[in-house]
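Working notes, beginning with the structure itself.
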Amino acid sequence: KLLSKLGPIASHNMTTLNFNFNKVWRGLKGQEPRWRHCVSALNDPYDPIIGNGLGKLYVDKYFNSTQKQDVESIAERLRDALGAVIQNYTWMDNDTKEEAKKKLNNLAFKLGYPEEINQEDVLKDTYKHVGNVTVDDPFLDTYLAFRKNNAIRKLQKVHSPYNRSQEWRHDVTEMNPLYEPLENAVVLTAAAFQHPFYSSGLPSSVKMGTLGWILGHELNHGFFYPGSYYDENGNKRNWWSNKTTQNFNPLEKCVEGLYDEQTEEETHLNISGYRTFDENIADIKGLQTAFEAHRTLLRQQSDTPQRLPCMTEFNADQLFFISLAYSFCQNDQYAELKDIVERDSHAPAKIRVNRHLGNSPIFLETFSCNATSRMNITNKCYV
1 KLLSKLGPIA
11 SHNMTTLNFN
21 FNKVWRGLKG
31 QEPRWRHCVS
41 ALNDPYDPII
51 GNGLGKLYVD
61 KYFNSTQKQD
71 VESIAERLRD
81 ALGAVIQNYT
91 WMDNDTKEEA
101 KKKLNNLAFK
111 LGYPEEINQE
121 DVLKDTYKHV
131 GNVTVDDPFL
141 DTYLAFRKNN
151 AIRKLQKVHS
161 PYNRSQEWRH
171 DVTEMNPLYE
181 PLENAVVLTA
191 AAFQHPFYSS
201 GLPSSVKMGT
211 LGWILGHELN
221 HGFFYPGSYY
231 DENGNKRNWW
241 SNKTTQNFNP
251 LEKCVEGLYD
261 EQTEEETHLN
271 ISGYRTFDEN
281 IADIKGLQTA
291 FEAHRTLLRQ
301 QSDTPQRLPC
311 MTEFNADQLF
321 FISLAYSFCQ
331 NDQYAELKDI
341 VERDSHAPAK
351 IRVNRHLGNS
361 PIFLETFSCN
371 ATSRMNITNK
381 CYV
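Numbering follows full-length UniProt numbering, in which position 281 of the sequence shown is assigned residue number 281; successive positions increment by one, without gaps.
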């Protein structure tokens, strides 16, 4: 672990070895410039050691308050939509629905960036333990100085009051949406507020199909796994009743079977419906939640154009689904696909899109897919 972290920034030979590995795994064509390599090392998405400083520069250049207000509005519409979806669950008993309602009402959206990055005194305080670092210092020394600063700051927070609205553990310049069970919070960083996930001038149907689906997916993690084991305050507690769990078990098996033994085309390996279940159920319910929010918004915006100039043949519902699928487009290399199929909690992107859309009666109706259409899954799971 230590070698994988420090090796590529301490030695040219290790940097070359790391690149050769990623050339095969991720299909890299050439080594990134040294400055970018150094910034990436200082800005690990899961433990950013210059996070708020770089985040401040990014937000000032690429972000504006109108975007944040727009996405906040989308998020609240998703909250309302999920509330309606949960109330219609026939497998969830009333006691569990009340617990779900409390959790949904107390859930926080952490969107864009923490407000403290705009407070210069707070920003300076963030780096006060770095010491005297100059541009002439060896990069490894600089890296370790910032790493030490981060460690000290974390230790100082032990036994301190926790403010979930200000604690951002992830880099705002990285696209990594997630649900935090210990905080009961959905995090969507500033990096997500760009194409292909978001553009303020696009019709709401497009924004709901991309960013709305992403938020819906993460929201639903809070009500299945892992969220079903954490209550509205982030305390470890299974709030599903025994009856609800019993009712859900056959539905869980159905969803597992929906993905189980699906074959990835490049590697010819089979998907594990069991290992990918948590992400698959979030895909299925995230779609339902986002489409519910989309339809509600359409009814309220009946006089707002929902066509794209270059795609006038598609209506609002079709644009929703096209945008959703488009946001999954990626160019995975063979080695990376093999790694995803064998170890990842997510199925490969193409299988994720085709299976959860093919399971959706609304999608099939929107595109007039008949019973023999290859997108029409015969044995559907209605969760």
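Here a beta-carbon is modelled for each residue, glycine too, at the ideal position from N, C-alpha and C. Please read these numbers as outputs of a predicted model, since none were measured by experiment.
Check: From V133 to L140, what does the alpha carbon distance come to, in whole angstroms?; Outcome: 11 Å
Check: If you draw a straight line from the C-alpha of E365 to the C-alpha of I74, how long is it?; Outcome: 25 Å
Check: What does DSSP give as the partner residue(s) for T263 in the beta ladder?; Outcome: N270
Check: Going along the chain, which residues of its own chain have a beta-carbon closer than 6 Å to the beta-carbon of L357, five neighbours each way excluded?; Outcome: F363
Check: Quick one: Cα of C310 to Cα of E218, how far?; Outcome: 31 Å
Check: Check whether the segment 181–189 and the segment 108–117 touch, using three or more Cβ-Cβ pairs below 8 Å as the test.; Outcome: yes
Check: Give me whichever residues DSSP pairs with K110 in a beta bridge.; Outcome: V187
Check: Skipping 5 residues on each side, what residues in its chain have a beta carbon closer than 8 Å to that of S40?; Outcome: E32
Check: If I follow the unbroken beta strand (DSSP E) through E180, where does it start and stop?; Outcome: 178–180
Check: Using only the alpha-carbon positions, how far apart do A282 and D137 sit?; Outcome: 47 Å
Check: For Y230, list the residues DSSP reports as bridge partners.; Outcome: K236
Check: Go ahead and pull the three-state DSSP assignment for F63.; Outcome: coil
Check: Please name the residue, chosen from T126, V341, L104, N247, that lies closest to P181 on a Cα-to-Cα basis.; Outcome: L104
Check: When you compare the CB positions of L123 and N52, do they come within less than 8 Å of one another, or not?; Outcome: yes
Check: Identify which residue in N220, C254, I86, S204 has its Cα closest to the Cα of R299.; Outcome: S204
Check: At the level of alpha carbons, what is the spacing between A81 and L297?; Outcome: 10 Å
Check: In whole angstroms, what is the alpha-carbon distance linking H221 and G212?; Outcome: 14 Å
Check: Could you pull out every unbroken beta strand (DSSP E) segment of at least 3 residues lying fully inside the segment 83–149, listed in chain order?; Outcome: 108–112
Check: By the DSSP assignment, the alpha helix (DSSP H) with V353 in it spans what residues?; Outcome: 349–358
Check: Taking the alpha-carbon of L57 as reference, which of Q119, R295, T378 has the nearest alpha-carbon?; Outcome: Q119
Check: To the nearest angstrom, report how far apart A293 and I284 are at their CA atoms.; Outcome: 15 Å
Check: Short check: CB of F193 to CB of F320, under 8 Å?; Outcome: no
Check: Identify, in the order they occur along the chain, each residue of the same chain with its Cβ nearer than 8 Å to the Cβ of I9, setting aside the five sequence neighbours on each side.; Outcome: T15, H37, C38, A41, F139, L140, Y143
Check: For the alpha helix (DSSP H) that N220 lies in, which residues bound it at each end?; Outcome: 213–221
Check: Would the beta-carbon of R147 fall within 8 Å of that of I49?; Outcome: yes
Check: What does the alpha-carbon distance come out to for the pair S228 and Q288?; Outcome: 19 Å
Check: So what does DSSP say about N43, is it helix, strand or coil?; Outcome: coil
Check: Give the secondary structure of S204 by DSSP, where H, G and I count as helix, E and B as strand, and everything else as coil.; Outcome: helix
Check: Can you list, in chain order, the residues of its chain whose CB lies under 6 Å from that of D339, leaving out five sequence neighbours each side?; Outcome: none
Check: Quick one: what's got a C-beta closer than 6 Å to G286's C-beta in the same chain, skipping five residues either side?; Outcome: W213, G216, H217, N220
Check: Whole angstroms are fine: how far does the CA of K101 sit from the CA of D278?; Outcome: 21 Å
Check: G201 to H129, Cα distance in whole Å?; Outcome: 43 Å
Check: Just to confirm my understanding: we take residue 384, look at its own chain, exclude 5 residues before and 5 after, and list those with CB closer than 6 Å. What are they?; Outcome: The requested residue 384 does not occur in the structure, where the chain is confined to residues 1 to 383.
Check: For a test of the three-state rule: what should DSSP assign to residue 385, helix, strand or coil?; Outcome: The question about residue 385 has no answer, for the chain in this structure spans 1 to 383.
Check: Can you give me the C-alpha to C-alpha distance between R352 and C369, rounded to a whole angstrom?; Outcome: 18 Å
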